[in-house]
Amino acid sequence: MNTSSHSGTSPLSTRWLGVYRDGRLYTQPRGRYAPREAIEDFLSSRLAVIDLDSIRPTAAEFMRIIRRELKINFFTFNTQSNYRSNLKSFLRWFGNAPHAITREHVRDYLEYLVDAGLDSSTVSGHLSVIRTVFDKMCFREITLGIATPRKPKRKPVILSTAEIQRLLQATPSLRDKLCLGLMYATGMRVSEVVRLRYRDIDFDRGVISVWQGKGCTDRSVTLPNSYRPLLKNLGEQHDAAEYVFPGEKRGRYLSPRTAERIMARAVKIAEIKKHATPHTLRHCFATHSYENGCDIRRIQKALGHVNLETTTIYVHIARPGEGMLPSPLDQIDSAASVDPTASVDSAIPARPIKTRDAKRAGFLRLHFKPEYDAAGDLLSSRVTIGVQNGDRPIYFTGITATMERPGFVTLSIPPEEQWSDSLRWLTREQQERFATAEFFKMLQTQITCRYLKFPRRQPV
Numbered sequence: 001m002n003t004s005s006h007s008g009t010s011p012l013s014t015r016w017l018g019v020y021r022d023g024r025l026y027t028q029p030r031g032r033y034a035p036r037e038a039i040e041d042f043l044s045s046r047l048a049v050i051d052l053d054s055i056r057p058t059a060a061e062f063m064r065i066i067r068r069e070l071k072i073n074f075f076t077f078n079t080q081s082n083y084r085s086n087l088k089s090f091l092r093w094f095g096n097a098p099h100a101i102t103r104e105h106v107r108d109y110l111e112y113l114v115d116a117g118l119d120s121s122t123v124s125g126h127l128s129v130i131r132t133v134f135d136k137m138c139f140r141e142i143t144l145g146i147a148t149p150r151k152p153k154r155k156p157v158i159l160s161t162a163e164i165q166r167l168l169q170a171t172p173s174l175r176d177k178l179c180l181g182l183m184y185a186t187g188m189r190v191s192e193v194v195r196l197r198y199r200d201i202d203f204d205r206g207v208i209s210v211w212q213g214k215g216c217t218d219r220s221v222t223l224p225n226s227y228r229p230l231l232k233n234l235g236e237q238h239d240a241a242e243y244v245f246p247g248e249k250r251g252r253y254l255s256p257r258t259a260e261r262i263m264a265r266a267v268k269i270a271e272i273k274k275h276a277t278p279h280t281l282r283h284c285f286a287t288h289s290y291e292n293g294c295d296i297r298r299i300q301k302a303l304g305h306v307n308l309e310t311t312t313i314y315v316h317i318a319r320p321g322e323g324m325l326p327s328p329l330d331q332i333d334s335a336a337s338v339d340p341t342a343s344v345d346s347a348i349p350a351r352p353i354k355t356r357d358a359k360r361a362g363f364l365r366l367h368f369k370p371e372y373d374a375a376g377d378l379l380s381s382r383v384t385i386g387v388q389n390g391d392r393p394i395y396f397t398g399i400t401a402t403m404e405r406p407g408f409v410t411l412s413i414p415p416e417e418q419w420s421d422s423l424r425w426l427t428r429e430q431q432e433r434f435a436t437a438e439f440f441k442m443l444q445t446q447i448t449c450r451y452l453k454f455p456r457r458q459p460v
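Mind the numbering: the sequence shown is residues 1 to 460 in UniProt numbering, read in order.
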């Protein structure tokens, strides 16, 4: 008789117990109180990134280990930088070895931040770093029971369509106009716009691909028709891998901080009183799209929001529709045709800005080279700025003035980076003057006045 067995079990018992498809025996039934195998404790200190109970690292060693952990977990560069900065601030405040930190120390540090005048968002960021590093990586539970500070719910600032037009017209260079225009036209974040490459633009499908945006996700946004010819022309002049907005260093893109300064300068030139930032243009894209009848889910997809609840905030801040309750004051005013805000001072015109009101920083001359067509009409004019610095004149080239419609002269000013070689020869006071909004206002006024005085040339 065949006495072979399967894993020490007779064929009869195998048939009685049954086997899985791979030949393994069914698990034997056990009672409720049968002995169990030991369960591994996943919160055991020996599984932590740093076992602070047995290892007593210095602050420098602790920072080095945490920096490595952030890197191998693929935290973004900005997140790693914020974590290192906040953690270093906490360890510097504590002034002792990291293993000695307790929950009371965390509470004292948060109180120190609040007393320093930091807002709730900043304090929440510091607490989040401490919780991630000490609780999640080191299993210390020193933030257990400490609630995250509540963030105030503020409605985003929204610019009107008229303010958007003034903002784009106030940008001094074509690069600045394209940078701010793409933020408003596509809803892309400032970090996504500055990292845009020419190969990311698909003219056939009419989309712009956003690679690894916030949350490490990819998405596509609509290519605005207003910028299609310009981007196509620029794409033919550059390699596909080049950035649309290159930085000063070779192979680098424009810094988001530079884009913020571009926005701040345009807001000041356009005389917009609202506190507008590059992210404001993203809010304006979503709000104006919803007001124009776009579906909220399409807006969510364009913005790259994971949760629809994040996008629905624009529903509440959109312009009231016909179904909203009208103001009774508006009904009274419309019937009486009286402006309740009118006053005697409202008829007094505002004092115009005069260029001589600004502080003088040197002598400036404008050199024009007009270009005419065959009929003798003025097409455009190249403008060169000459600044007298002692006995040496410094020239700034690349400005083009055109008249899109009668009486309105548009300036195409190159980015400030192209003038870096000339700017370094100026004094500090002159360099600061070049970066002010008043300087570009004066430039627009003077060039417009000179341009409109050019006579029509006799046809050849």
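In this text, a Cβ means the ideal position worked out from N, Cα and C, and glycines have one as well.
Per DSSP, His-275 is not a residue of any beta strand (DSSP E), being assigned neither H nor E.
Residue ranges of uninterrupted alpha helix (DSSP H) with 4 or more members, entirely inside the region 415-442 and ordered along the chain, are 420-423 and 428-434. Asp-135 is the residue among Pro-278, Pro-156 and Asp-135 whose C-alpha sits nearest the C-alpha of Asp-51. DSSP places Val-267 outside any beta strand (DSSP E); the residue lies instead in the alpha helix (DSSP H), whose first and last residues are 256-269. Residue burial is scored here from C-beta neighbours: Ser-381 has at least 16 other C-beta atoms within 10 angstroms and is therefore classed as buried. Taking the Cβ atoms as the reference, Ser-191 lies roughly 5 Å from Pro-256, within the contact range of under 8 Å. Ala-162 sits in a helix when the DSSP states are folded into three classes. The Cβ-Cβ distance between Val-106 and Thr-143 falls below 7 Å. One alpha carbon belongs to Thr-427, the other to Gly-215, and they sit about 44 Å apart. Per the DSSP secondary-structure output, Leu-174 pairs with nothing in a beta bridge. When the Cα atoms are used, Val-221 and Asp-239 turn out to be separated by approximately 22 Å.
Taking every protein chain shown into account, the CB of His-275 has fewer than 16 other CB atoms within 10 angstroms, so this residue is exposed. Close CB contacts of Arg-131 within its chain, under the 6 Å cut and outside five residues either way in sequence, are with Thr-143 (chain order). Contact check for Ile-158 against Thr-287 passes: the beta carbons are separated by less than 7 Å.
DSSP places Arg-67 within a helical segment (H, G or I) once states are collapsed to three.
Judged by DSSP in its simplified three-state form, Leu-223 adopts coil rather than helix or strand. Shown here for Phe-363: same chain residues with a beta carbon closer than 6 Å to its own, the five before and five after excluded, namely Gln-388 in chain order. In the three-state reduction of the DSSP assignment, Gly-181 falls in the helix class, which pools H, G and I.
For Cys-179, same chain residues with a beta-carbon under 7 Å away, outside a window of 5 residues either side, are Val-193, Phe-245, Ala-259 and Ile-262 in chain order.
Note that the region 423-442 touches the region 263-271; at least 3 beta-carbon pairs, one per stretch, sit closer than 8 Å. The beta carbons of Gly-181 and Phe-285 sit no closer together than 7 Å. One thing to note: Leu-281 has its Cβ within 7 Å of the Cβ of Tyr-184.
About 27 Å separates the Cβ atoms of Arg-175 and Pro-406, ruling out a contact at the 8 Å cut-off.
Contact annotation, Tyr-198 with Val-129: C-beta distance approximately 37 Å; criterion of less than 8 Å not satisfied. Comparing alpha-carbon positions, the option among Ile-55, Thr-384, Pro-370 and Pro-35 lying closest to Ser-422 turns out to be Thr-384.
The alpha helix (DSSP H) runs of length 4 or more contained entirely in the UniProt domain "Core-binding (CB)" (60-138) are, from start to end of the chain, 77-94, 103-115 and 120-130. Burial state of Gln-300 is buried, judged by a 10 Å Cβ sphere holding 16 or more other Cβ atoms. Here Gly-376 is not near Arg-450, since their CB atoms are 7 Å or more apart.
In the same chain as Lys-177, and ignoring 5 residues on each side of it, the C-beta atoms closer than 8 Å to its own belong to Leu-168 and Thr-171, in chain order. By a beta-carbon distance limit of 8 Å, Ala-116 does not contact Arg-56. Their separation comes to about 30 Å. Distance from the CA of Ser-54 to the CA of Ala-100, rounded to the nearest whole angstrom, comes to 12 Å. In this structure, Gly-206 lies near Leu-223, with their beta-carbon atoms less than 7 Å apart. Closest by C-alpha distance to Arg-140, out of Val-49, Phe-75, Tyr-112 and Gln-212, is Val-49.
A Cβ-Cβ separation of about 7 Å places Asp-218 in contact with Gln-212 under the 8 Å criterion. Of the other Cβ atoms in all chains shown, 16 or more fall within 10 Å of the Cβ of Phe-90; this residue is therefore buried. If you draw a 10 Å sphere on the C-beta of Tyr-253, you find 16 or more other C-beta atoms in it, and that means buried.
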